[in-house]
Structure formats: C-alpha cells, structure tokens
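Enquirer: Let me begin by handing over the structure; questions about it come next.
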Amino acid sequence: MDIGQIIKKRREELGMSQEELAKKAGYKSRSSINKIEVDGRGLPQSKITAIAKALRTTPAFLMGWEETEVFALDHVNSCFGESAREMLSNFQKLNESGQKEALKRVGEMVHIPQYVKADPVVRPLRPDSRSYLQPVAAHERTDIEVTEEMRQHDDAFFDE
Amino acid sequence: MNYDILLEEADSDGIIIKEKPLIGNDGRIRGDQILIRQNMSGCQKACVLAEELGHYYTTVGDILDQSDVSNRKQERTARLWAYNKMITLEKLVAAKEAGCRNSFEIAEHLEVTEEFLLEALECYRTKYEKGLQKDNYLIFFEPFNIYKMAE
Chain X
29 MDIGQIIKKR
39 REELGMSQEE
49 LAKKAGYKSR
59 SSINKIEVDG
69 RGLPQSKITA
79 IAKALRTTPA
89 FLMGWEETEV
99 FALDHVNSCF
109 GESAREMLSN
119 FQKLNESGQK
129 EALKRVGEMV
139 HIPQYVKADP
149 VVRPLRPDSR
159 SYLQPVAAHE
169 RTDIEVTEEM
179 RQHDDAFFDE
Chain D
235 MNYDILLEEA
245 DSDGIIIKEK
255 PLIGNDGRIR
265 GDQILIRQNM
275 SGCQKACVLA
285 EELGHYYTTV
295 GDILDQSDVS
305 NRKQERTARL
315 WAYNKMITLE
325 KLVAAKEAGC
335 RNSFEIAEHL
345 EVTEEFLLEA
355 LECYRTKYEK
365 GLQKDNYLIF
375 FEPFNIYKMA
385 E
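Chains X and D are the protein sequences, given in the same order. FYI, in my numbering the residues of the first sequence are 29 to 188. FYI, in my numbering the residues of the second sequence are 235 to 385.
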C-alpha cells in the first residue's frame, strides 16, 4: 500500500470525511486530500506530521514502515478496553504452542462461575421513553366546527 | 364486521377502548387507548373504531397535524386498513349476491355507514380505475355498480 491508500484507509476507519481531514491537517480544500489519496502527489514532508496527527497515528505508520498491528491493538483497546489490549499484545509474543495453551486456559476459565460476568441485565426501554412512536391521531367531527376547548375536553378522557 | 366483533379483536390485542361523551371527535387514539364518541349508531361506531384500529396498526407517532404531507399519508394508510377490514371486493360481491341494489343497501348489508362505503369505493376507484372483473362479477366504480355476468 502506498501512502495515499494508507491515509484513505485510516481516514475511513475513523469515519472522517475528506473535508474534515483537510480542515484538521490545515488544508484549504478537500481536493488536496483527494489528490493525495489517489496517487500520493502533493504531499510535502512537513504535511505528513500534520496528517498523521489528524488521523491519530504516526508518520511512520502513514509511510507504511510500521506494521498495522500497532493499530489493530489500538482498535482492540477502544473496543474492549486496556486489558484486552495487554492480553493480545502478550499473546502476540507467544509461539504456536504457547498460543494454544493460552487459548485453552482462557477457554477453561469461562466455565468457572467465579470468573464469569453475570448475565447481562436486559433492561427494556421504559414504555414512556418510546412515547414518540405511539400512534396519536384524531377522527374529528366534520358536522360541526371543532374548537380547541373541545379537543382539550376530549383529550382529558385519556387520563381518566 | 360489526362493532362487537371489532371490540373483541381489539381487546385480545390489549387495546383499551373507552366510549366517552366526546364533543369534538368521533374517535381518538393515543398509544393503546382509543376513545369512541357515545351517542353514535352501532355502524357509525364500527366505522370509527375500524379507522382508529387502522391507526393503531399502521401509524407511527403523532399525526394530529394534517397539514404535514407525511402525516396525511399515514392517515390515508390507516383509512385503507379500515376499508380493507370492513369492506372487501369479496364482500361487495356477496352483498350483490344477497340482493343489494345500490350503495345504501350495500352499506346496510355490510353494517357500515353509507359515507364510509363511498369513501372506500373512492379508494378502490383510485386503485382499480374504472372497474374490474371479480369471479363472475363486473364491478364498476364510476358510476358504482355491480353486474353479474351471464353464465
């Protein structure tokens, strides 16, 4: 992958638009970012740092010198928390049989109640928090002129 | 489809229906509560209830403001539900079979108000245009008439 593709991929991972990135990296318009993403043109050294910062990564990563692993760990961290990250990076250091053993041990722990999270508490939304979805409609009389007082009078019956 | 049957169906779906001395409305719905105006004939109540049930099953949110186009669409959908509940092509043919000669008699036979029937027919007209053939019957909508085809 060249630098343009890496920038694009990272930007999309962050759910950022070209405009946002342009703004954050100090470019005037989206088209400069587009050019860079298409063929890596027009990217002076000085801007790499700015873009890396905007994409919350390092210039080395953008250049493709750093493995994406670092990045995946960051991702794990944001999804599952610090301990998941730590566990995964330790796991990476193990050899094949070590990884097997680690999987086995963790797998066993799942069966020990002491170590397992309680069943997730299912908390249904309170009905009133969904009240905006409730049908509210009126079949007004057409044979007479209906006034606001009449409507209020009728609505009062709902709360009886 | 008369009022009592509708009431029972609604009740089994957990809908609360109250008949109250409403002034400005024939029918009103909020959530699972439906209000029906007292002092209406049975078939009037049935038609109003069918429309409110139409809202219960098809409407989402507050559509009281009928100047909003999407609310009017929902209103139309609810009414279509009611027409399909109370009046179907099959029932129109059955009414003809039973000897009804005009819309008034058909409305009486189907236990709906004539106004409701005419509104439903208008809906069918927009759907089927001039008319259609249903089994051995020709149903025309402008003007409304049902003819039995010669064997």
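Here a beta-carbon is modelled for each residue, glycine too, at the ideal position from N, C-alpha and C.
Taking the straight line between their C-alpha atoms, what separation do you get for E114/X and S246/D?
Expert: 55 angstroms
Enquirer: Which residues does DSSP list as the beta-bridge partners of E253/D?
Expert: Per DSSP, the beta-bridge partners of E253/D are I270/D.
Enquirer: Exposed or buried, V346/D, counting other C-beta atoms within 10 Å across all chains shown (16 or more means buried)?
Expert: buried
Enquirer: Among H167/X, D182/X, I140/X, which has the Cα closest to the Cα of R289/D?
Expert: The amino acid occupying residue 289/D in the given sequence is His; Arg does not appear at that position. Considering only alpha carbons, the answer is H167/X.
Enquirer: Exposed or buried, G126/X, counting other C-beta atoms within 10 Å across all chains shown (16 or more means buried)?
Expert: exposed
Enquirer: Mind checking which residues open and close the beta strand (DSSP E) that includes L372/D?
Expert: Counting along the chain, the beta strand (DSSP E) containing L372/D begins and ends at 371-375.
Enquirer: Identify every run of the alpha helix (DSSP H) within the segment 60-105 of chain X, keeping only runs that are complete inside it and at least 4 residues long; order them along the chain.
Expert: 73-82, 87-91
Enquirer: Can you list, in chain order, the residues of its chain whose CB lies under 8 angstroms from that of L101/X, leaving out five sequence neighbours each side?
Expert: Listed in chain order, the non-local C-beta contacts of L101/X below 8 angstroms within the same chain comprise R113, L116, S117, local neighbours out to five positions each way being set aside.
Enquirer: First and last residue of the alpha helix (DSSP H) that includes V282/D?
Expert: 276-292
Enquirer: Going by beta carbon distance, what residues of the same chain come within less than 7 angstroms of L352/D, once the five residues before and after it are set aside?
Expert: S337
Enquirer: I want to see whether chain X comes within less than 8 angstroms of N259/D, judged by CB atoms only; does it?
Expert: yes
Enquirer: Taking all protein chains shown into account, decide if T85/X is buried (16 or more other Cβ within 10 angstroms of its Cβ) or exposed.
Expert: buried
Enquirer: Taking the beta carbon of P72/X as the centre, do at least 16 other beta carbons fall within 10 Å, making it buried, or is it exposed?
Expert: exposed
Enquirer: Going by DSSP, what residues sit across from F119/X in a beta bridge?
Expert: Paired residue(s): none; F119/X is not in a bridge.
Enquirer: Establish whether the CB of D247/D and some CB of chain X are separated by less than 8 angstroms.
Expert: Cβ-Cβ to chain X under 8 angstroms: no for D247/D.
Enquirer: Which of the three DSSP states, helix, strand or coil, is assigned to R169/X?
Expert: In the structure shown, R169/X sits in coil (DSSP, three-state: anything other than H, G, I, E or B).
Enquirer: Between K52/X and the ligand MN, is there a pair consisting of the residue's CB and a ligand heavy atom that are separated by less than 7 angstroms?
Expert: With respect to the ligand MN, the structure shown offers nothing to examine, as it has no ligands at all.
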